[in-house]
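Asks:
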Amino acid sequence: MRLILPVLFALRLFAAGHPIAPRPLVAAPYPIRTGSTAFASGRFLSAWVYDTRGAGAHIVGVFSDRDGKRISPAWFTIVTAIDPPAYLQLVATGDTYTLLWWSSATPLHIVSVDANGVATRDVATSLKFTYSSFFAWNGTHFIAVTPNLSAGQAVIFDRDGAVLRREPLASSYHAHAAPSGDGFITFAAGFNGLFAQRVAVSGESPRWKMDDGAGRADDYHPLSVKSVAQSNGDVLAVWITRRFNETPELKSAVVRDGPPSLIRIVAKSNVVPLDVVALSGRERIILSEYPNLAYIDLNTNQIQPIPLKESLGPSAVASNGDTTLVLSLNPEGFSTTSHVRTIAIASNGDAKIDVVSLAPARQSDPLVLDTLAVWTESSADATSIRAALLGTPVTSTILENASLDMQRLAPNGSEILLLARRGKQLLGLRVKNNGERFDREPFVIGESDHPGFSAAVWVGDRWVVAWTNHLRLFTAEVGPTAVVGPSRELTFATPLPDNWSRGVHSPSLAFNGRDVVIVWNETQYGLRSPIPEILPDANPYVFAALLKGGEPIELARQYLRHTIASDGSDFLVVCDTTSIVLRADATGLHADPPRTFFAHPYFAANDMLWNGSEYVVASRYGPFSKNLIVRHLDRNGVPLLPPLYTSVAAPDFAAASSPSIASSMIALHEVAIAGDTQQAVSYLERDMGPLPAPPRAPNVTVAAQGGNIVVRWDAVAGDVEGYAVETRTTSGELTLATLVDANVHSVTVPMAAAVRVRAFNAGGYSPGYEVSIERRRSARH
């Protein structure tokens, strides 16, 4: 169970990750959602939302000079750790910028950004807007116009988010606004026509009709209205009109303090106004005309295309009177965008294009063995497997268009077998100990449609490989000359109720010199209901068995990631924080009783090795997988020394893959800096410190409220990751009700016989006081 927390890049404790290899600048590896640009203090600021998934969404930006040439060497972070997806708009407010961002779940934030791109103030308001809202600034106040076919609205507010006036707009699906005097002129386009309306903090709010509408979508109606304030105090509006089976018309009009004037048809063409800007001596309409960008000057009415190799995509526009900057997102859409371009259009129409969203490549799933590191490196355009010798700046590409598909390297002394995924193919490739390719081309081992990892182990004269396909377990042998033997399905007779089915995945392998043991996850499914909304029963397990056959052994009755190693005689499996010794003899495989190191509400991802005298286990766990521990265990899985600990940064997905351990080095991936991409790093055991002691127990009070219980507790001082709230049923079972953030100190849970609240951190749970609901009596446990 994972705790949903605000993303916090916490102060590192003890060690810091060492980058394994440099990252080239590539097409941004993560989605970019919505962008905006504005001109102030002599330069353009362009900003967009960069969603690094589990490591948070961030608003990042670049500066361009007054000619539209990028002057920032790389993007920088303006606002970090927001709730995606977010919408934003940049507004020039004098010599600085104001960044307005919001989402469907988050009310408006008003962020003051100085001329250097630094956020100096962030006001969280209670104002809620939609993706189609538009904002403008008149030197004193902001206005937000939100179209709606039944209840469009204009809202004037100040820098603190205080609402000064609300005014209804005409029925509309597009709205815009521009400053005018001490107020604004708003525009609302809908099926019933186009309406201009003056809105100020005080006074009348007259409305004027600018264009007709037939009242339905298949007949004449205006849309896509844009506006700009002119130097003489007028507001210029442009829009298009459409009627079924007729060429759209591009129109313009001027509004100030009365009905519109100078209404005219600018062009008849299948174009959409992206924005309208006021240049020195004339006005220019920026058009999006698929597949090209275009513009039209109102003094010539001639459409001038700007050739682009790719279609325009979602865009934003700003101008300084001479240069117009168009910020263009990759045309694949808001959910998969990975490129941001700026197109600088000079007053004479010359255009220059610059890609501004290059980012460091994303590195994931690093594996280490002696001095060799191997990892997957990806951008928006490509994925490859790369390698480096630790401590050197030189990296090499091992395999293009593929990703690693294993959680432990498989050496045989002189060569290493890599498992890779390319589409649904499981590939093998042998490399030397220095990372150089031994095979000219990869070879196909089998088909695999499961996104989890496969496994391989050297067994003296060949490799054994295990993987899953269609939730079934398969194995094959790879000879020392890369000859792949036939694959076979492994069908262990795990206990299964009548009419149930099973799915298996995530195998692990180990060899003790005689036998190979395989460990896997299995989920057993009950009969599916004819009602799609009712999911079948599902029981997760961890099983182990000898690869040559025999009865499987149940290791756990929940979904746990596992790792296995051998001391040359027996085997040790670690699932979460529990070790289990497996012994093989002539009668089959046998398991010793499990030993649990300590309890923690977050499951651990582990890697383990036998170093010749003891097992060494690296474990990553906790909120956002921020805790890293190294434990030394004897042959029986019993800890030999106190564990060593350090805090690491979050991965870019909620659940991190297992760390990789070699000797005293641990490799993992993390996003160490807000707005950065994920990087492969290494940690050294000698740089780590002692594991923190568990926190003290919180003081708890409860109160019945209808059929629920309101549970409150005091804040526990010191290092606390969160609180676990447990309830005891009338049958006596104590179960976890919820996990909450360290900043939360009350929850409401269903009625129960008793409640216990325990604080936890990397060192485990605090003691807890169980509070009886009926008698309000406490007993310590």
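Using the working numbering, you'd call the opening residue of the sequence shown number 242 and step up by one each time. Glycine is no exception: its CB is placed at the ideal position from the N, C-alpha and C atoms.
In angstroms, rounded to a whole number, what distance separates the CA positions of glycine 656 and valine 815?
Replies: First, the residue type needs correcting, since residue 656 is glutamate and not glycine in the sequence shown. Approximately 27 Å between the Cα atoms of the pair.
Asks: Near serine 344, what residues of its chain come up, given a Cβ to Cβ distance below 8 Å and the 5 sequence neighbours on each side ignored?
Replies: Hits under 8 Å: Ile323, Asp324, Pro325, Pro326, Ala327, Tyr328.
Asks: Rounded to whole angstroms, what's the CA-CA distance from leucine 435 to phenylalanine 370? Just pull it up for me.
Replies: Spanning the two alpha carbons is a distance of roughly 22 Å.
Asks: Just to confirm, are histidine 746 and glycine 687 a CB contact at a threshold of 8 Å?
Replies: Cβ atoms of histidine 746 and glycine 687: not closer than 8 Å.
Asks: Helix, strand or coil, according to DSSP, for glycine 863 in the structure here?
Replies: Of the three classes helix, strand and coil, the one that applies to glycine 863 here is coil, per DSSP.
Asks: For serine 556, does the count of other Cβ atoms within 10 angstroms reach 16, so buried, or fall short, so exposed?
Replies: The residue in question, serine 556, is buried, as its Cβ has 16 or more Cβ neighbours within 10 Å.
Asks: Just mark arginine 523 as buried or exposed, buried being the case when its beta carbon has 16 or more other beta carbons within 10 Å.
Replies: Arginine 523 comes out exposed.
Asks: If I measure Cβ to Cβ from lysine 665 and keep anything under 7 Å in the same chain, skipping five residues before and after, which residues do I get?
Replies: The answer, listed in chain order, is Glu688, Ser689, Asp690.
Asks: Can you tell me whether aspartate 538 is helix, strand or coil according to DSSP?
Replies: Reduced to three states, the DSSP call for aspartate 538 is strand.
Asks: How long is the line joining the alpha carbons of aspartate 308 and threonine 564, rounded to whole angstroms?
Replies: Taking the straight line joining both Cα atoms gives about 6 Å.
Asks: Determine whether the beta carbon atoms of glycine 295 and phenylalanine 894 lie at a separation below 8 Å.
Replies: Yes, they are a contact pair.
Asks: When we look at the beta-carbon of valine 359 and count the other beta-carbons within 10 Å, is it buried (16 or more) or exposed?
Replies: Valine 359 comes out exposed.
Asks: Starting from tyrosine 271 and walking both ways along the beta strand (DSSP E), at which residues does that stretch end?
Replies: Unbroken run through tyrosine 271: none, as it is neither H nor E.
Asks: Look at the alpha carbon of histidine 986 and the alpha carbon of alanine 956, and state the distance between them as a whole number of angstroms.
Replies: Their backbone Cα atoms lie some 7 Å apart in a straight line.
Asks: Is the region 861-871 touching the region 823-836, taking contact as three or more C-beta pairs under 8 Å?
Replies: The region 861-871 vs the region 823-836: no contact.
Asks: Under the three-state reduction of DSSP, which class applies to aspartate 893: helix, strand or coil?
Replies: Looking at aspartate 893 - three-state DSSP - the assignment turns out to be coil, as it is neither helix nor strand.
Asks: Decide yes or no for the touch test of the region 944-951 against the region 927-935: beta carbon pairs closer than 8 Å, at least 3 of them.
Replies: Counting Cβ pairs under 8 Å, fewer than three are found: no touch.
Asks: Tell whether a beta-carbon distance below 8 Å holds between arginine 802 and serine 644.
Replies: Not closer than 8 Å, so no.
Asks: Alpha carbon to alpha carbon, how far is lysine 310 from isoleucine 526?
Replies: If I take the Cα positions, the gap works out to 21 Å.
Asks: With a threshold of 6 Å on Cβ separation, who are the neighbours of serine 373 within its own chain once the five nearest residues in sequence on each side are excluded?
Replies: Hits under 6 Å: Pro388.
Asks: Helix, strand or coil: how does DSSP classify glutamate 551 here?
Replies: Looking at glutamate 551 - three-state DSSP - the assignment turns out to be coil, as it is neither helix nor strand.
Asks: Tell me where the beta strand (DSSP E) around phenylalanine 784 begins and ends.
Replies: 779-787 is the extent of the beta strand (DSSP E) around phenylalanine 784.
Asks: Which partner residues does threonine 716 have in the DSSP bridge list?
Replies: Ala707, Arg729, per the DSSP bridge assignment.
Asks: Taking only the alpha-carbon atoms, compute the straight-line gap between serine 576 and isoleucine 300 and give it to the nearest angstrom.
Replies: Because serine 576 sits at a pLDDT of 44, beneath the cut-off of 50, its placement in the model cannot be relied upon, and the point is left open.
Asks: Does the distance between the C-beta of leucine 568 and the nearest non-hydrogen atom of the ligand HEM fall short of 7 Å?
Replies: Annotation note on the ligand HEM: not contained in the displayed structure, which lists no ligands.
Asks: Please report how far the alpha carbon of alanine 333 lies from the alpha carbon of arginine 284, in whole angstroms.
Replies: So the alpha carbons of these two residues sit roughly 11 Å apart.
Asks: Buried or exposed: glycine 574, going by 16 or more other Cβ atoms within 10 Å of its Cβ?
Replies: Only weak support exists for where glycine 574 lies, its pLDDT of 42 falling under 50; the value from the coordinates is given anyway. Burial call: exposed.
Asks: Assuming glycine 302 is part of the beta strand (DSSP E), what are its boundary residues?
Replies: Glycine 302 -> beta strand (DSSP E) spans 298-305.
Asks: Looking at glutamate 408 and alanine 395, is the spacing between their C-beta atoms short of 8 Å?
Replies: The answer is yes: Cβ separation under 8 Å.
Asks: From the beta carbon of isoleucine 626, is the nearest beta carbon of chain C less than 8 Å away?
Replies: Included in the structure is just one protein chain, with no chain C present.
Asks: Out of curiosity, what's the CA-to-CA distance linking isoleucine 482 and threonine 318?
Replies: Here residue 482 is threonine; the residue named in the question, isoleucine, does not match the sequence. Answer to the nearest angstrom: the Cα atoms are 40 Å apart.
Asks: Report, in whole angstroms, the separation of the C-beta atoms of proline 637 and arginine 627, which I expect to be a contact under 8 Å.
Replies: Checking the sequence, you will find serine at residue 637 rather than proline. The Cβ separation is near 7 Å, so the contact holds.
Asks: For arginine 808 and arginine 755, I'd like the C-alpha separation in whole angstroms.
Replies: A small fix is needed here, since residue 808 is aspartate in this sequence, not arginine. Rounded to the nearest angstrom, the two C-alpha atoms are 12 Å apart.
Asks: Below 8 Å CB to CB, which residues in the same chain sit around valine 581 once its five sequence neighbours on both sides are set aside?
Replies: Contacts found: Ala269, Ile273, Gly276, Ser287, Trp289, Leu568, Ser569, Leu570, Asn571, Val596, Val597, Ser598.
Asks: Name the DSSP beta bridge partners of methionine 849, please?
Replies: Val858, per the DSSP bridge assignment.
Asks: Are there three or more Cβ pairs, one per stretch, closer than 8 Å when the region 473-490 is compared with the region 499-510?
Replies: In short, these stretches touch, since the Cβ pair count reaches three.
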